[in-house]
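One structure below.
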Amino acid sequence: MIPLPDKSRLLRDGEAVAEAAAEHLRKLCADAPNERIAVCLSGGSTPKRLYERLAGPDCADLPWPRLHWFFGDDRAVPWDDPLSNVRMVRQAFGTTTRIPSENFHPMPTQDGPDEGARRYEALLKRYYGAETLDPARPLFDLVLLGLGEDGHVASLFPGKPAVDEEQAWVVGVPEAGMTPFVPRISLTFPALASARSVLFLISGAGKQDPLSRLAEGEDLPVGRVRGTKLWLIDEAAAGR
């Protein structure tokens, strides 16, 4: 039995994880201190279930005009490429017209990893209204994160230079640590930590190994994420 991180909720399966994440967002919106609510999206199959749920009738009452959607990482491919997180998110949200176009902020992946990172950092700073992050004023209301089977989060891979970046908000990742081996753009740990809430969505037996390694104290990227964290973990990932 895998020891789970502090502030974990053990849930039945990936659908239950998505349902709990939707409820977490609902409560966060109700308590949001500002007019704008910034959500940082993650790629992956479990987050996709969440986005499909958000597009459904049960979440029609969310304050959609106030919600702004950003990305924690993406692959440096066109937005219509099957590897694109933008494509996945758009497919998951489907034909809903709830998201104003000006509230959807994809990474400029068509510009390549370095130029795309530079442009996305500039976009985040314009939205935030400052050049440096203030711990008392988070950039995001909610950051959604998955967990790679090698322990990576966003596109911050074990042993790659991006995991040690402390100044930039966004970096180009020229070499991914696992398949698909295409360049990426990723938020850095300082940017991911600038959040009112960080929510991990973890499901599937393939996540047992990184969770076990994390519990054993291995220095994995997932363990470097700071902030107010909540882990939503299904029984398969927890080895139950």
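For the sequence shown, the tail end lands on 226 under the numbering used here, and the numbers increase by one without skipping. We put the beta carbon where it would ideally sit given N, CA and C, even for glycine.
Within 8 Å, strictly: CB atoms of residue i and residue j
i: Asp127; j: Ser183; result: yes
i: Glu221; j: Val156; result: no
i: Gly58; j: Ser87; result: no
i: His54; j: Asn20; result: no
i: Leu206; j: Val129; result: no
i: Ala224; j: Leu(-10); result: yes
i: Arg12; j: Trp50; result: no
Residue i classed as buried or exposed, judged by whether at least 16 other C-beta atoms fall within 10 angstroms
i: Met93; result: buried
i: Pro196; result: buried
i: Met164; result: exposed
i: Lys146; result: buried
i: Ser189; result: buried
i: Ser141; result: buried
i: Gly30; result: buried
i: Gly80; result: exposed
Residue i beta carbon near the ligand ZN (any heavy atom closer than 7 Å)
i: Arg52; result: No copy of the ligand ZN occurs in the structure displayed, which carries no ligand at all.
Integer-rounded CB distance, given that residue j should sit under 8 Å from residue i
i: Thr32; j: Gly132; result: 7 Å
i: Arg210; j: Phe175; result: 6 Å
i: Ile(-12); j: Gln194; result: 6 Å
i: Ala41; j: Ala78; result: 7 Å
i: Leu218; j: Ala7; result: 6 Å
i: Leu200; j: Gly137; result: 7 Å
i: Leu48; j: Cys15; result: 6 Å
i: Leu139; j: Val75; result: Reading the sequence as shown, one finds Val at residue 139 and not Leu. Not quite, the Cβ-Cβ distance comes to about 17 Å (not below 8 Å), so this is no contact.
Nonlocal neighbours in the same chain, by C-beta distance under 7 Å from residue i, ignoring five residues either side
i: Ala62; result: Thr95, Gly98, Pro99, Gly102, Val168, Pro169, Arg170 and Ile171
i: Arg35; result: Gly0, Glu1 and Ala4
i: Arg52; result: Glu21, Arg22 and Ile23
i: Asp67; result: Arg73
i: Ala18; result: Asp127
i: Glu9; result: none
Same chain, Cβ closer than 6 Å to residue i, five either side skipped, listed in chain order
i: Asp60; result: Asn71, Met93, Thr95 and Ile171
i: His91; result: Phe56
i: Leu216; result: Lys(-7) and Leu185
i: Pro124; result: Ser180, Ala181 and Arg182
i: Arg226; result: none
i: Arg(-5); result: Leu218
i: Arg39; result: Ala4 and Ala8
Proximal residues to residue i (C-beta, below 8 Å), its chain only, five neighbours per side dropped
i: Arg105; result: Pro94 and Asp97
i: Phe143; result: Gly134, Asp136, Val149, Val159, Ala162, Gly163, Met164 and Pro207
i: Leu110; result: Phe56, Leu125, Trp155, Val156 and Ala177
i: Ala122; result: none
i: Glu117; result: Lys111
i: Glu204; result: Gly137
i: Arg(-2); result: Asp220 and Glu221
i: Pro64; result: Ser70, Thr95 and Gln96
i: Glu202; result: none
i: Leu187; result: Val3, Ala4, Ala7, Ser28, Gly30, Thr32, Pro33, Leu36, Leu130, Leu131, Gly132 and Leu218
> Curious, which full-length beta strand (DSSP E) runs of at least 3 residues does the region 41 to 112 contain?
Replying inline: 53 to 57 and 59 to 61
> Can you give, in chain order, each stretch of the beta strand (DSSP E) that sits fully within the region 155 to 188 and has at least 3 residues?
Replying inline: 156 to 159, 170 to 173 and 181 to 188
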